[in-house]
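Just so we're on the same page, my numbering is the position in the sequence shown counted from 1, plus 3.
Even glycine gets a Cβ: it sits at the ideal position worked out from N, Cα and C.
What follows is a single structure, written as structure tokens, with notes after it.
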Amino acid sequence: MDRFITKFEEITLWQLSKESLFSLAKFVVDENYIHHQKVGDNKETYVEEYQMIFTEESIFFDYSSIVVAKDNAGSIVGSIRVMNWNLNPNTIPLMKLFGENLINKIKLKEEYEHIWHVGRFAVQKAYKDKVKLFKLLMLYAISPVFRHDRGVLLAEADEKLLRVMRAMKIDVQLLSEGKEYIGSKTIPMMVTKNGLSEFMLNNVAMAFDLRFDVEKTQLPERVKFKSRMQNYPFGYCDAIEAYRNSQVYKDNSIYQEYNDI
């Protein structure tokens, strides 16, 4: 059974159970093709890609946390998965797609200590506020990084998503040229903890029971508000005090582009 995390406006967030992995695979594949206005070669193409993702995520499950957003009907409208690569002995999708020489895991661990892989990000094309849902899912995915002094995220993303991430002040570093993967050109990337900090501080109140006065453009102090029902997976946000005393600003420039995707 999926594990309830919290309710946010008209959606609920859940930590996906192993029994629900095929529904994740189907959602990710279907939405990738819909977003990029492509149709799979035939039914067999879809089935093969469903099975590929299902198999990979089954192998990674014990090292991962998968967060999905569901609408009032219980249908998935968004998904993201974060995996601890320090503990996972298996080859991550990034390396399968772009080769074992793309990065050196040993050197990366020496430099950043904690390595995470984020994948299976998808938002339903018909969903009315993709930007808000993107931010919410991303906050949960990157939160484990902020439990440690050092850390780095690895991921694959298409060109549209990369533009949105940069517009949201996520400091993405590309690792190589892109390749065709599940219906779109996919590019390997990494983001350090420092590269995630501005996005986290600007948006943390969405997910972690903090609020601030939106009339101000710079806010030196975040204020706790009455707790909602929460059930955080993967040790999220154990030290909320760490997010205090930071400046925040509002930036709506990315809304139109992403909601048009």
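According to DSSP, residue i sits in a beta bridge with which residue or residues?
{"i": "Arg169", "result": "The partner list for Arg169 (beta bridge, DSSP) is empty, contrary to what the question assumes."}
{"i": "Ile14", "result": "Phe11"}
{"i": "Ser160", "result": "It should be noted that the sequence gives Ala, not Ser, for residue 160. Beta-bridge pairing links Ala160 to Ile190."}
{"i": "Leu177", "result": "Met192"}
{"i": "Asn87", "result": "Trp119"}
{"i": "Val155", "result": "Ile118 and Thr195"}
Classify residue i as helix, strand or coil using the three-state DSSP reduction.
{"i": "Val80", "result": "strand"}
{"i": "Gly122", "result": "strand"}
{"i": "Pro191", "result": "strand"}
{"i": "Ser67", "result": "strand"}
{"i": "Glu22", "result": "helix"}
{"i": "Lys182", "result": "strand"}
{"i": "Ala72", "result": "strand"}
{"i": "Arg150", "result": "helix"}
{"i": "Arg231", "result": "No answer about Arg231 holds up, because its pLDDT of 42 lies below 50 and its placement is not dependable."}
Just to confirm, are residue i and residue j a CB contact at a threshold of 9 Å?
{"i": "Ser68", "j": "Pro147", "result": "yes"}
{"i": "Val121", "j": "Leu157", "result": "yes"}
{"i": "Val175", "j": "Met193", "result": "yes"}
{"i": "Phe101", "j": "Lys182", "result": "yes"}
{"i": "Ile37", "j": "Lys128", "result": "yes"}
{"i": "Lys3", "j": "Phe64", "result": "Nothing in the structure corresponds to residue 3, since the chain is present only between 4 and 264."}
{"i": "Glu159", "j": "Leu97", "result": "yes"}
{"i": "Glu116", "j": "Gly77", "result": "no"}
{"i": "Ile62", "j": "Phe30", "result": "no"}
{"i": "Leu140", "j": "Val70", "result": "yes"}
{"i": "Lys133", "j": "Met209", "result": "no"}
With distances taken from CA atoms, which of the options is nearest residue i?
{"i": "Ile190", "options": "Glu162, Val121 and Leu199", "result": "Glu162"}
{"i": "Phe11", "options": "Pro96, Leu136, Ala144 and Asn197", "result": "Leu136"}
{"i": "Thr94", "options": "Lys73, Thr58, Met168 and Ala72", "result": "Thr58"}
{"i": "Ile145", "options": "Leu177, Arg84, Ala72 and Arg166", "result": "Arg84"}
{"i": "Asn89", "options": "Val71, Asn104 and Glu114", "result": "Glu114"}
{"i": "Val32", "options": "His117, Val80 and Ile56", "result": "Ile56"}
{"i": "Trp119", "options": "Phe149, Lys133, Ser23 and Val134", "result": "Phe149"}
{"i": "Lys112", "options": "Thr195, Gln54, Glu180 and Met171", "result": "Thr195"}
{"i": "Val50", "options": "Asn87, Lys138 and Ser26", "result": "Ser26"}
{"i": "Ala28", "options": "Asp152, Val126 and Glu180", "result": "Val126"}
{"i": "Ser179", "options": "Asn104, Gly198 and Asn205", "result": "Asn104"}
Please check if any C-beta of chain B sits within less than 9 Å of the C-beta of residue i.
{"i": "Glu59", "result": "Although the question refers to chain B, the structure presented lacks it and comprises just one protein chain."}
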